[in-house]
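Residue numbers (our numbering), protein chains in the order written: chain A, -3 to 121; chain B, -7 to 161; chain C, 4 to 144. For every residue, glycine included, the Cβ atom is placed at its ideal position computed from N, Cα and C. Keep in mind it's a predicted model, so treat the numbers as computed, not measured. Worksheet: the structure to be examined is printed underneath.
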Amino acid sequence: MSIGTHFSYAVTVFLMVAGLFIVIARGNLIKKLVGLAIFQTSVYLLYIVPGKLIGGTAPILDDRFKLYSNPLPHVLILTAIVVGVATLALGLALAVRIREAYDTIEEDDILARDVDDCGADRQGK
Amino acid sequence: MAIAVVVLARSRNLFAVVVLMGIYSFLMATVLVALDAVDVAMTEASVGAGISTVLLLGALHLCKSEEAKPLRKPWLPLAVSASIVGMLVFGALGLPAFSDPTAPMHTHVVPRYLNDAMRETGVPNVVTAVLASYRGYDTLGETTVVFTAGIGVIALLRRRRNTKQETAK
Amino acid sequence: MKHDLILRVAAKLLIPFILLFALYVQFHGDFGPGGGFQAGVIIAAAVIFYALIYGVEAARKAMPDRLVETMLASGVLIYAGVGLMGLVMGGNYLDYFVLDRDPVLGQHRGIFWVEVGVAVTVSGVMLKVFYMFVSRGRDPE
């Protein structure tokens, strides 16, 4: 349980929490999406790092090598990256639509406008 | 990489954020190469640093590129983050050490892939073999997810053109 | 950027090589790093590059919207079709062993077509998303 053997986890934890912090502390929707992307990359690290074996090589079979890194997490993360960019595109599209409807992508402004609208409706009735 | 992330969290100019995100992705791809994940690194470099930067810039073009000053001090999110750090570190201490060949993930299914993939599929790149053959259903579902996301973006961004045509009539 | 001679010439020189590299990544994916995802993204990147230098209209002319939309759907259909081929030829869904008399060759063939399907869908989606964002921005208010 020394620090050396668990250093990679420390990096992962730092990136994950940094992403989480951006998501919950920043009001800008695009900034939030960037935070989500950072969170996602920390998960890539979490999967890939334990698959590495010191002295191993990339999992492309050849007679010259005996020890390979673990290919299974590579496969999972490969799919995760592509799905990640697809969801990022979808989130950006939503942000653009919100910007068109509300003329802002700041969460606080959006909430304020929602409250205003509700109040106006009630007064109208 | 950590520096890039910290600057990213503090910077309010969204253009700088996007560029930093590209740098961060490239650094991540380098780290992945060092970790023997060449396929993943290639994808991360082309997708993370290439396509998503272009998409973010495209979205920025449509929105304002300056973030508003936060109204509140971020103490509560900081506290939440700090407590989560505590929990995650506690959990990480229970995980197997780096590059431990007896960890469960190296002993379970993977030896079969590494030993038999060449004989069964004739494809030396085990990642490709597992991706397309052993886990074919996964990849089918994943392709469908990408397809659905594309359809979603089309549905979200196409509507205004139609309403405009209607008003024009 | 449309009138910058150096950029235009450099782009003309580079784009064929980017496309060639994409094809290499696609078809060499069995033996080295690479495969459908990466190839799809690189193809999309080449077209986006073209659009950035020569303007979106030129890119639209080279890769019309209809083609991109067809790619989007046909990739998934190719993938599912490979699965169905397995059924038709007497195996399970997505079973590649029956695609050829030699099971290893059958696997090869199955993986090849699956990767083609993935590449087509991914590049179609990326291009379509790019077009959507760009055309949105040029709409006058």
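Neighbourhood of residue i by C-beta, 6 Å cutoff - its chain only, sequence neighbours within 5 removed
i       : result
Y40/A   : I73
L23/C   : none
M(-3)/A : No answer about M(-3)/A holds up, because its pLDDT of 43 lies below 50 and its placement is not dependable.
G43/C   : A122, V125 and S126
K64/C   : none
L85/B   : none
R95/A   : I101
Inter-residue CB distance, residue i and residue j (contact presumed, cutoff 8 Å)
i      : j      : result
V138/B : T124/C : 6 Å
A21/A  : L47/B  : Not confirmed; about 23 Å, so no contact.
A14/C  : I56/C  : 4 Å
V145/B : M135/C : 6 Å
K10/B  : L52/B  : For clarity, residue 10/B is Val in the given sequence; the question names Lys instead. With 8 Å as the limit, V10/B and L52/B qualify as a contact, their Cβ atoms being about 6 Å apart.
A124/B : E118/C : 6 Å
M20/B  : T37/A  : 5 Å
V17/A  : S73/B  : According to the sequence shown, residue 17/A is Phe rather than Val. Right, their Cβ atoms sit about 5 Å apart.
Cβ neighbours of residue i in the same chain (closer than 7 Å, five flanking residues each side left out)
i      : result
Y43/A  : P69, L72 and I73
L130/C : A47, V50, M66 and V71
L24/B  : V32, A33 and E36
E158/B : Since pLDDT at E158/B reaches only 48, below the 50 mark, its modelled position is unreliable, and no value is offered.
A141/B : none
A54/A  : S65
A62/C  : V50, Y53 and A54
L49/B  : V10
M12/A  : F35 and S38
V119/B : D31
P67/A  : P55
T45/B  : V10, M13 and G14
Q41/C  : V28
Cutoff 8 Å; reference residue i; Cβ partners in own chain excluding five residues on either side
i      : result
I26/A  : L88, A91 and I101
I43/B  : none
L32/A  : G15, V19, L84 and G87
Y96/C  : G86, L87, G89 and L90
V107/C : none
V45/A  : S4, Y5 and T8
For residue i, the residue or residues it bridges with in DSSP
i      : result
N117/B : I56/A
N24/A  : E102/A
Y64/A  : T53/A
Reference residue i, options the options, closest by Cα
i      : options                         : result
D99/A  : T8/A, S4/A, L11/A and N24/A     : N24/A
A41/B  : M13/B, L68/B and L149/B         : M13/B
T131/B : E103/A, V78/A and D112/A        : V78/A
S65/A  : K28/A, A82/A, G47/A and E96/A   : G47/A
P116/B : V128/C, G127/C and I114/C       : I114/C
E134/B : V28/C, V128/C, L26/C and R63/C  : V128/C
E138/C : V118/B, L149/B and G86/B        : For the sequence presented, residue 138/C should be read as Ser rather than Glu. The option with the nearest alpha carbon to S138/C is L149/B.
D7/C   : G89/C, G58/C, V85/C and G86/C   : G58/C
M111/C : L85/B, V77/B, F18/B and A121/B  : The sequence shown places His at residue 111/C, not Met. The option with the nearest alpha carbon to H111/C is A121/B.
L80/C  : Q29/C, W116/C, V107/C and L26/C : W116/C
A26/B  : S4/A, V30/A, L29/A and D113/A   : S4/A
A25/C  : R69/C, G39/C and I9/C           : G39/C
G78/C  : R69/C, G37/C and G120/C         : G120/C
F20/C  : I45/C, F30/C and F133/C         : I45/C
K28/A  : L107/A, D110/A and E103/A       : E103/A
R104/B : L87/B, G83/B and Y126/B         : Y126/B
L106/B : L49/A, V30/A and L63/A          : L63/A
I143/B : M92/C, L75/C, F133/C and G109/C : L75/C
Contacts that residue i makes with chain D (C-beta to C-beta distance below 8 Å)
i     : result
D31/B : You won't find chain D in this structure, because its protein chains are A, B and C.
* Asked: Mind listing which residues of the region 33 to 51 of chain B have their C-beta closer than 7 Å to chain C's C-betas, in chain order?
  -> M34, T35, S38, V39, G42, I43, V46, L47, G50 and A51
* Which residues, in chain order, does the region 110 to 132 of chain C contribute to contact with chain A at a C-beta distance below 9 Å? -> Of all residues in the region 110 to 132 of chain C, only V121, V125, V128, M129 and V132 place a beta-carbon less than 9 Å from a beta-carbon of chain A.
* What residues from the region 18 to 29 of chain C come within 7 Å of chain B, judged by C-beta to C-beta, listed N to C? -> none
* chain C contacts made by the region 118 to 136 of chain B, where a contact means CB separation under 8 Å -> V119, T120, A121, L123, A124, S125, G128, Y129, T131, L132, T135 and T136
* Give, in chain order, every residue of the region 37 to 51 of chain C whose Cβ lies closer than 7 Å to some Cβ of chain A. => Correct list: F40.
* chain B contacts made by the region 64 to 96 of chain C, where a contact means CB separation under 9 Å -> Within the region 64 to 96 of chain C, the qualifying residues are E72, L75, A76, G78, V79, Y82, A83, V85, G86 and Y96.
* With 9 Å as the C-beta to C-beta threshold (strictly closer), list the residues of the region 139 to 153 of chain B near chain C in chain order. => F139, A141, G142, I143, V145, I146, L148, L149, R150, R152 and R153
* To do: Can you give me, in chain order, the residues of the region 14 to 41 of chain A that have a beta carbon less than 7 Å from any beta carbon in chain C?
  => none
* Note down, in chain order, all residues in the region 69 to 82 of chain B with a beta-carbon under 9 Å from any beta-carbon belonging to chain A. => P69, L70, V72, S73, A74, I76, V77, L80 and V81
* Mind listing which residues of the region 8 to 26 of chain B have their C-beta closer than 8 Å to chain A's C-betas, in chain order? -> V9, V10, M13, Y16, S17, M20, V23 and L24
* Asked: Residues in the region 81 to 93 of chain A with C-beta within 8 Å of chain B's C-beta atoms, listed in sequence order?
  -> V81, A82, T83, L84, A85, L86, L88, A89, L90, A91, V92 and R93
* Asked: Using a beta-carbon distance cut-off of less than 9 Å, what residues from the region 59 to 79 of chain A approach chain C?
  -> So the close ones are L74, T75, I77 and V78.
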